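Student: Last residue of the sequence shown? That's 307 in my numbering, and every number before it is there in order.
Ideal Cβ placement from N, Cα and C applies to all residues, glycine included.
Note that the structure is a prediction, hence the values are computed from the model and not measured.
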Amino acid sequence: MEAAEKALRTLSAAKYADVRVLKQQSVHVALRGDSAEHSESRINRLVCRCIARGYGVAQVEVNGEVDGREVGERALRQAMVAEGDLQLVEVKVEEGEKRWVAREEFDVERAEEILVGLRNAVYDHLKNVSFRLEAVATFTLTDSFLITSEGTRVREVLPLTDLVAYLVVRGVGEGFSSL
Numbered sequence: 129m130e131a132a133e134k135a136l137r138t139l140s141a142a143k144y145a146d147v148r149v150l151k152q153q154s155v156h157v158a159l160r161g162d163s164a165e166h167s168e169s170r171i172n173r174l175v176c177r178c179i180a181r182g183y184g185v186a187q188v189e190v191n192g193e194v195d196g197r198e199v200g201e202r203a204l205r206q207a208m209v210a211e212g213d214l215q216l217v218e219v220k221v222e223e224g225e226k227r228w229v230a231r232e233e234f235d236v237e238r239a240e241e242i243l244v245g246l247r248n249a250v251y252d253h254l255k256n257v258s259f260r261l262e263a264v265a266t267f268t269l270t271d272s273f274l275i276t277s278e279g280t281r282v283r284e285v286l287p288l289t290d291l292v293a294y295l296v297v298r299g300v301g302e303g304f305s306s307l
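(1) Quick one, which of Y294, R283, T138 has its alpha-carbon nearest G224's?
(2) Per the contact definition of three or more C-beta pairs closer than 8 Å, is the segment 213–230 in contact with the segment 172–190?
(3) Considering only residues of the segment 160–240, which uninterrupted beta strand (DSSP E) runs meet the minimum length of 3 residues and lie entirely inside it, listed in chain order?
(4) Whole angstroms are fine: how far does the CA of R238 sit from the CA of L159?
(5) So is D146 buried or exposed if we call it buried at 16+ other beta carbons inside 10 Å?
(6) Which value, in whole angstroms, describes the spacing of the CA atoms of L136 and V157?
(7) Nearest-angstrom Cα distance between V219 and S140?
(8) For K134, count the other beta carbons within 10 Å of its own beta carbon; 16 or more makes it buried, fewer makes it exposed. Which is it?
(9) Confirm, please, whether the CB-CB distance from G196 to A265 is below 8 Å.
(10) What do you reckon, are the CB atoms on D271 and K151 nearer than 8 Å?
(11) To the nearest angstrom, report how far apart V285 and R173 are at their CA atoms.
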């Protein structure tokens with residue numbers, strides 16, 4: 129959060145500025161045909177936006193120490209050379225933190241069981257029809273912190289579980305089509 133504070137101080141010459149620290153951790157479980165895959169991904173990013181003559185934005189992936197001033201300076205340089213008639217709207221200053229709680233922990237093995245159950249239900253339903261099923265379950269934990277030149281300081285921690293299924297079916301004498 130210190131890098132965000134430094135970035136916002138660097139943007140003090142702007143009419144408006146905000147800085148967001150975004151951290152996301154994701155776990156993916158994919159079932160393609162008869163094989164299952166597991167993977168993880170992480171995002172840790174500092175994003176600066178500002179309005180001076182025009183609009184400027186800069187971001188950096190955070191890996192260890194980050195100089196927030198440098199990112200803020202890049203956004204400010206962009207905003208100083210950009211042209212635009214941007215009108216700011218007055219907004220209410222917000223402060224606070226909201227943590228959403230997951231009902232239960234994401235379990236990779238359980239997610240794989242659910243995807244296999246889905247595949248088996250499709251097999252049972254479609255019987256002798258040729259098809260291809262791809263299903264992906266993803267759990268993402270997002271931690272987002274926003275500070276603005278107007279005084280807003282908000283943080284939200286949000287767990288989200290997502291299930292996406294792609295089903296491609298081919299009838300007798302027909303080509304494949306997506307459902």
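Tutor: Taking the geometry as given:
(1) In the sequence shown, residue 224 corresponds to position 96, counting from 1. Of the candidates Y294, R283, T138, the residue whose Cα lies closest to the Cα of G224 is R283.
(2) Touching, yes.
(3) If we require 3 residues or more, the beta strand (DSSP E) runs fully inside the segment 160–240 come out as 163–179, 183–189, 223–227.
(4) Sequence index remark: in the sequence shown, residue 159 carries index 31 (1-based). Sequence index remark: in the sequence shown, residue 238 carries index 110 (1-based). Their Cα atoms are separated by approximately 13 Å.
(5) On the sequence shown, residue 146 is found 18 positions in, with the first residue counted as 1. The residue is buried, with at least 16 neighbouring Cβ atoms inside 10 Å.
(6) Numbered from 1 along the sequence shown, position 8 holds the residue referred to as residue 136. Numbered from 1 along the sequence shown, position 29 holds the residue referred to as residue 157. Near 38 Å, if we compare the C-alpha coordinates of V157 and L136.
(7) In the sequence shown, the residue the question calls residue 219 occupies position 91. In the sequence shown, the residue the question calls residue 140 occupies position 12. Roughly 18 Å between the two C-alpha positions.
(8) Here residue 134 is taken as the residue at index 6 of the sequence shown, counted from 1. Buried.
(9) If you number the sequence shown from 1, residue 265 lands on position 137. If you number the sequence shown from 1, residue 196 lands on position 68. Between A265 and G196, the C-beta gap is not smaller than 8 Å, which leaves the two residues out of contact.
(10) The residue you call residue 271 lines up with position 143 of the sequence shown. The residue you call residue 151 lines up with position 23 of the sequence shown. Result yes, Cβ atoms of D271 and K151 sit closer than 8 Å.
(11) Here residue 285 refers to the residue found at position 157 of the sequence shown. Here residue 173 refers to the residue found at position 45 of the sequence shown. So the two alpha carbons sit approximately 15 Å from each other.
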